[in-house]
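These notes concern the structure reproduced below.
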Amino acid sequence: MLKSVELLPEKSSDELIGLLKEMWTIRYFDEKVDEFFAKGMIHGTTHLCVGQEPTASGPCSVLRSDDKITSTHRGHGHCIAKGADINLMMAELFGRSTGYCKGKGGSMHIADVEKGNLGANGIVGGGIPLATGAALTSKMKNQEDVILSYFGDGAANEGSFHESLNLASIWDLPVVFICENNQYGMSGSVKEMVNIEDIAERASSYGIPGVVVDGNDLVEIMNETDKAVQHARQGKGPVLIEAKTYRWKGHSKSDARKYRTREEEQTWKEKDGIKRFRELLIHEEILTEDDAENIRKEAKQNVEEAVQFAEESPEPGLDTLLEDVYA
Amino acid sequence: MAKEVFMPKLSSTMETGTILQWMKNEGDPVEMGEPVFEVMSDKINIEVEAYEEGFMLKKYYNVDDVVPVNTVVGYIGEKEENVPDTPPESTEDSESDAASEPEQNEPAAHGTESSSVRQVERGQIRATPAARRVAREEEVSLSDVTGSGPKQRVQQQDVRDFLQNAPKPPKATPLARKWAEDQNVDLNTVEGSGPVNKIYTKDLSAAQEETVSSEPDRIPVKGVRKVVADRMAESASTVPHVTLNSDVDMTEAIRLRSQIQDKVVEQTGSKLSYTEIIMKAVAAALKRHPSINASLSSDQQEILLHRDINIGLAVATEQGLVVPVVPSAGEKGLTALVKESKQLAADARNQQLNPQQMQGGTFTISNLGMYAVDGFTPIINQPEAAILGVGQMKETPTARNGNVELRPLTTFSLSFDHRIVDGAPAAAFLTELKQMLEAPYELLM
Amino acid sequence: MRELTYVEALRECMSQEMRENENVFLMGEDIGVYGGAFGVTRGMIEEFGSKRVRNTPISEAGITGSAIGSALTGMQPIVELQFSDFITIAMDQLANQAAKLRYMYGGKGNVPMVLRTPAGSGTGAAAQHSQSLEAWVAHVPGLKVVQPSTAYDAKGLLKAAIDDPNPVIFYEHKLLYKTSSDDVPEESYRIPLGQADVKKEGTDVTIVATSVMVHRALDAAEKLSEEGISVEVIDPRSIVPLDEETIVQSVIKTNRVVVVHEAVKRGGYGAEIASMITESEAFDFLDAPVKRLGASPVPVPYNPELEKAMTPQTDDLIQTCRETLQRT
């Protein structure tokens, strides 16, 4: 238990240390992917969540294993936080047959249905109705599982967002909508694209609670998500959480980030959620500086091993081309 | 790499060739030097041999298709090699030809025309897939079938109707069959008196006496017939012909022939005929009258007086008229002329002439002396300046030294191109020729 | 055997499935006490309650997407869209989500859902409520596309669609709802998807017809028989998967084929069927060009005469059959 701050979900010291390590893993995973794309070692495109680690790890940390998530195009963090094997993730990015999607999905479509990850989604707002439908299943089957639907500030302007919030609200579905407001939909600043201060305000239109959290404060995120998940699980319907965060890198590869200043980026980097949580754990004497450093190195090493696994994995056979179109 | 099989350019005037038959089917193995297909040019039929060994991969054209020279007609290569589905554009390798006759070397220019026009040019037949399948299975040539569909498209039923109506080979005794073949009688027109209408010889003779049908037989104008038709029509319509006739007393020529016949037979194995004697005389006369051994340049701007005397011999074959050439006839003795003429005539009748043997003629002799023909007006074999027609030799009452004697006379008819030569020099040539044949010993000198 | 209308057959199939299988449920606009825009679900909310007959907001993308999400997690939803034209609003969910999830996820996850929706003109509903856009969805790998033409087929095909582990777009036809078959069994039965039906045997020309065109083809066949022309009418019943073999064998027999659908001819699914025929072994048996009949390339007009003129009618089929047989 933490002494200096209140943490609602029960978490042991090891679990808290595990969260720090997970966030480091997310960061090193995406930094590594960035490096490979820059070198042209993997093709296609990718969207990196460096800087947004707490909004991935925090909400997922309060879920039960039978709870589910839907993710976004910027989904590597969600995937890792929901318990994915980074070896299989990296193999998927390399297009290998051992990858989560047998090399057919790539960065934007990693799913792990068995672990409750209903998939990243290449369509902005595409996953929100799916989460709503999964919540409908939960309700109709009295399963008590909760669906956490990730999306960004851009998706909040899509019809699927509004239709889903409305449906989930009228049917009291167990879904938590979590908007990672990272300030930009590609180059479009949320200040230009939305004429309200907080996207969470939109919850009131659908008669559901809306909450704003600091996306770099892991503890706050965990607390608010925990409350929302309880609310949903108790059959009280959906909650909309907006986490204010920032993507440190460009939208995807080859983004010169001309739509924002380096000063702005620096301001946000100083709020680094990993650093904040690391300092908290040291302050709370759960961790020493040395321990923290070792954890960071381990995370980095795990990513290196994932790369090695991916590189050693076979390419999918051309005979798999027509597989899995139909069940 | 698969190698192209081209339509060869067999002579300088050849623009297209007609495919007479394919010796190889797609998929057949091909040895180097093996005949691949037979082509008919404007002058000749010839078998085109393979330059490569391998397999016949592709044939783009069918029998009777008329194909521009240098066009790729097929491919030979290794099994499974890919070749284009349609023939590639022709690769003209003769620059001079390309410069002088640009229009004939660019089939690509047809690319702007509608595909239906192109199909017609390629001799393709409009037929449905089903009709094609039935024709293939029943070995019917679609060109024989009249199409009842839109735009004369041949349909399945048309092929079946054709098969239904196609004559079945009539039954006949072997003797009747042989007799009919000799007499050129179509057995289908004969009603047999035997069991199951079997035809006996007596039925043939009975059939010959009655008129079987008022319908004419229809023979397509193609191949050699077509070439002869085109060339004769062109010559008759463009060349101002004048024909001079002169009776030649062949008494001395007969004597000469009988005196040296044995020697000739001994040396050549062939008999000396009047044709060779006349040829020898013509060559000698042409030497003295170079204006007759001439032709008009292709642009008609110049008269070409030829140094060589190359004499063409009109030979009737089953396919039609061909004119093999005895080169440098002026330099050759009678035995050489006999040898060459006989060989050329035999080759012509057996369709074994090669294109070179029909090129370079400067003067032509057409001898109808074996028929009951006295004189005629031969049509000039363009671009030559003149042609000599030779009639039958006939005992004719002739005034001689105040008496009437029977003498063997032959009418010589010289047609000349009045654009190239005038009447007087032509008359002088004919006169000289007559004198030479009436005193032929001079020829031996 | 009982006589049953197309609407009744659909309703009976869904009701029987819902009684048997608690994973099956309905979602759609006005499908509750209203009974659906064309009355297909009438009485069902009374039997199954509002949890399993879910009356939805006017929210095509939302309900289609929710159906996909629920299918992905174990349910077997049947979505009703009031008019098939509205598929355009749900197209992202169908084309980008339902059709692709399984493949994108490397074979993990199924989407066993059915989207039922009426297509077609003839009701004066004009341009935005009368289209036949089945070629749009047929083009997307991962979707199956069904077009029943009779009450009997509707019941058996819908059962197969519900049982199918893939997303199935089930095109009903407004003009067929009131038609009936006199041979609809009471018990549940299944007509496998991808199995064409020879609606009438013939020897001279094949008509491949879908949905309402099956009936016009049968009318044409009857009239042509008076002229001594024997028409075979084939109803593919599902266009994805397509029963190529039945069509090919028919063309091999008759040598001539006319492909007809109500959808606009340009880019219509008839082009796919026609190409399939010419690529098949039937090519060598074709004795006339493959003919296609479809609607004119215009939005569906309101005026009834214009509306009729836009789409193939019985007389058009008769004329085209005569042309292909050169009996003009």
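Protein chains in written order, with UniProt numbering: chain A, 1 to 327; chain B, 1 to 445; chain C, 1 to 328. Think of the CB as a built atom: it goes at the ideal place given N, C-alpha and C, for glycine as much as any other residue. Remember, it's a predicted structure, so these values are computed and weren't measured experimentally.
Chain A within 9 Å of residue i, Cβ atoms only
i	result
residue 228 (chain C)	no
residue 308 (chain C)	no
Residue-level contact to chain B via CB, residue i, 9 Å cutoff
i	result
residue 285 (chain C)	yes
residue 274 (chain C)	no
residue 110 (chain C)	no
Proximity test, Cβ basis, 9 Å: residue i and chain C
i	result
residue 45 (chain A)	no
residue 231 (chain B)	no
residue 113 (chain A)	yes
residue 123 (chain A)	yes
Contact list for residue i against chain B, beta-carbon separation under 9 Å
i	result
residue 326 (chain C)	148, 149, 150 and 155
residue 135 (chain C)	Going along chain B, no residue has its Cβ under 9 Å from residue 135 (chain C), so there is no contact; the nearest lies around 26 Å.
Burial state of residue i, where buried means 16 or more other Cβ atoms lie within 10 Å
i	result
residue 16 (chain C)	buried
residue 298 (chain C)	exposed
residue 73 (chain A)	buried
residue 95 (chain B)	Unreliable positioning characterises residue 95 (chain B) in this predicted model, as indicated by a pLDDT of 39, which lies under 50. The coordinate reading is nonetheless provided below. The residue is exposed, with fewer than 16 neighbouring Cβ atoms inside 10 Å.
residue 221 (chain B)	exposed
residue 79 (chain B)	exposed
residue 58 (chain C)	exposed
residue 1 (chain A)	exposed
residue 421 (chain B)	buried
residue 301 (chain B)	exposed
residue 3 (chain A)	exposed
Chain-ordered neighbours of residue i on chain A, where CB pairs are closer than 7 Å
i	result
residue 61 (chain C)	129, 159, 160 and 163
Where the beta strand (DSSP E) through residue i begins and ends
i	result
residue 55 (chain C)	53–55
residue 408 (chain B)	403–417
residue 75 (chain B)	72–77
residue 372 (chain B)	Neither: residue 372 (chain B) is in no beta strand (DSSP E) and is coded neither H nor E.
residue 295 (chain B)	294–296
residue 469 (chain B)	The structure shown does not extend to residue 469 (chain B), since chain B spans only 1 to 445, so no value can be given for it.
residue 75 (chain C)	Unbroken run through residue 75 (chain C): none, as it is neither H nor E.
residue 226 (chain A)	Element bounds for residue 226 (chain A): not the beta strand (DSSP E) but the alpha helix (DSSP H), 218–233.
residue 3 (chain B)	3–6
residue 244 (chain B)	241–249
Interface partners of residue i on chain C, CB under 7 Å
i	result
residue 323 (chain A)	107
residue 137 (chain A)	70, 73, 74 and 75
residue 109 (chain A)	104 and 105
residue 134 (chain A)	69, 70, 72 and 73
Continuous alpha helix (DSSP H) stretch holding residue i: start and end
i	result
residue 277 (chain A)	273–283
residue 63 (chain A)	First-last for residue 63 (chain A): undefined, no H or E at that position.
residue 24 (chain A)	13–39
residue 231 (chain B)	224–238
residue 274 (chain B)	274–288
residue 182 (chain C)	Looking at the DSSP string, residue 182 (chain C) is not in any alpha helix (DSSP H); the run it does join, the beta strand (DSSP E), is 180–184.
Contact list for residue i against chain A, beta-carbon separation under 8 Å
i	result
residue 128 (chain C)	Correct list: empty, because the minimum Cβ distance to chain A is about 18 Å.
residue 25 (chain C)	140
residue 142 (chain C)	325 and 326
Proximal chain C residues relative to residue i, where beta-carbon distance stays under 9 Å
i	result
residue 101 (chain A)	103, 104, 105, 106, 107 and 108
Interface partners of residue i on chain B, CB under 7 Å
i	result
residue 255 (chain C)	130 and 156
residue 288 (chain C)	128
Chain-ordered neighbours of residue i on chain C, where CB pairs are closer than 8 Å
i	result
residue 166 (chain A)	57, 59 and 62
residue 133 (chain B)	284 and 285
(request) Could you say if the stretch 276–290 of chain B and the stretch 324–338 of chain B meet the contact criterion of at least three C-beta pairs nearer than 8 Å? (result) yes
(request) Flag this pair as touching only if the stretch 262–277 of chain A and the stretch 52–65 of chain A have three or more C-beta atom pairs under 8 Å; answer yes or no. (result) A contact exists between the stretch 262–277 of chain A and the stretch 52–65 of chain A.
(message) With three or more beta-carbon pairs closer than 8 Å as the criterion, would you say the stretch 140–149 of chain C touches the stretch 415–435 of chain B?
(response) By the criterion of at least three beta-carbon pairs nearer than 8 Å, the stretch 140–149 of chain C is not in contact with the stretch 415–435 of chain B.
(message) For the structure I just gave you, are there three or more beta carbon pairs, one from the stretch 292–309 of chain C and one from the stretch 263–274 of chain C, closer than 8 Å?
(response) yes
(request) May I ask you to verify whether the stretch 118–127 of chain A touches the stretch 138–153 of chain A, counting CB pairs closer than 8 Å and requiring at least 3? (result) yes
(message) For the pair the stretch 40–51 of chain C and the stretch 97–113 of chain C, tell me if three or more CB-CB distances fall below 8 Å.
(response) Under the Cβ criterion (8 Å, minimum of three pairs), the stretch 40–51 of chain C does not count as touching the stretch 97–113 of chain C.
(request) State whether the stretch 33–50 of chain A contacts the stretch 90–109 of chain A, with contact taken as three or more CB pairs (one from each stretch) at a distance under 8 Å. (result) Counting C-beta pairs with one atom in each stretch, the stretch 33–50 of chain A and the stretch 90–109 of chain A have three or more that are closer than 8 Å, which means they touch.
(message) I want to know whether the stretch 308–328 of chain C touches the stretch 228–241 of chain C - three or more CB-CB distances under 8 Å.
(response) yes
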